[in-house]
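A.B. asks: Going letter by letter, the sequence shown gives residues 3 to 104 in our numbering.
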Amino acid sequence: MFAVIKTGGKQYVVKPGDKIKVEKVEANVGDTIEIKEVLLVSKEGEIKLGNPLVEGVKVIASVVEHSKGPKVIVFKKKPKKGYKRKRGHRQLITTLEIKEIL
Numbered sequence: 003m004f005a006v007i008k009t010g011g012k013q014y015v016v017k018p019g020d021k022i023k024v025e026k027v028e029a030n031v032g033d034t035i036e037i038k039e040v041l042l043v044s045k046e047g048e049i050k051l052g053n054p055l056v057e058g059v060k061v062i063a064s065v066v067e068h069s070k071g072p073k074v075i076v077f078k079k080k081p082k083k084g085y086k087r088k089r090g091h092r093q094l095i096t097t098l099e100i101k102e103i104l
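(1) Is the distance from the Cβ of E25 to the Cβ of G10 below 8 Å?
(2) Comparing alpha-carbon positions, which option in D33, A29 and L55 lies nearest V40?
(3) Give the secondary structure of K86 by DSSP, where H, G and I count as helix, E and B as strand, and everything else as coil.
(4) Which two residues bound the contiguous beta strand (DSSP E) that contains G71?
(5) When you compare only the Cα positions, how much space is there between I35 and K50?
(6) How would you call V31, buried or exposed, if buried means at least 16 neighbouring beta carbons within 10 angstroms?
(7) Mapping the DSSP letters down to three states, classify A29 as helix, strand or coil.
(8) With K38 as the anchor, note down where its beta strand (DSSP E) starts and where it stops.
Pasting the structure below:
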């Protein structure tokens with residue numbers, strides 16, 4: 003059994019027991035959250051495809067930790083003008099553990 007969920011503007015293929023890293027979710031560590039944006043569900047070879055979401059299906063997940071992703075360097079330069087700019091960015095990430103698909 004697996005499902006395709008949408009969170010943080012991205013889509014993830016999940017099954018019970020998976021740990022995924024998504025963009026920051028406003029919840030405390032140890033909390034249980036429901037993800038209602040389910041795009042596809044497959045159970046025993048039977049596939050339900052949403053238009054755009056599958057009705058009556060949700061994914062239960064628990065928050066494992068909050069962290070930061072790898073640093074991304076943003077460097078801008080204009081040749082012959084003396085303009086250089088270097089900035090770094092680290093995206094906030096939440097690790098979720100998928101408990102079940104209802």
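Glycine included, every Cβ here is placed at the ideal spot set by N, Cα and C.
All values reported here derive from a predicted model rather than from experimental measurement.
C.D. replies: Reading it off the structure:
(1) On the sequence shown, residue 25 is found 23 positions in, with the first residue counted as 1. On the sequence shown, residue 10 is found 8 positions in, with the first residue counted as 1. Yes, they are a contact pair.
(2) Here residue 40 refers to the residue found at position 38 when the sequence shown is read from its first residue. The shortest Cα separation from V40 among D33, A29 and L55 belongs to L55.
(3) Walking along the sequence shown from the start, residue 86 turns up at place 84. The answer is strand: DSSP assigns K86 an E or B state.
(4) To locate residue 71, count along the sequence shown from 1; it is residue 69. Element bounds for G71: V61 to K80.
(5) Here residue 35 refers to the residue found at position 33 when the sequence shown is read from its first residue. Here residue 50 refers to the residue found at position 48 when the sequence shown is read from its first residue. Computed Cα separation, rounded: 22 Å.
(6) Looking up residue 31 in the sequence shown gives position 29. Exposed is the call here.
(7) Working through the sequence shown from its first residue, we reach residue 29 at position 27. If DSSP states are grouped into helix, strand and coil, A29 belongs with coil.
(8) Position 36 of the sequence shown holds residue 38. That residue, K38, is in no beta strand (DSSP E); it is neither H nor E in DSSP.
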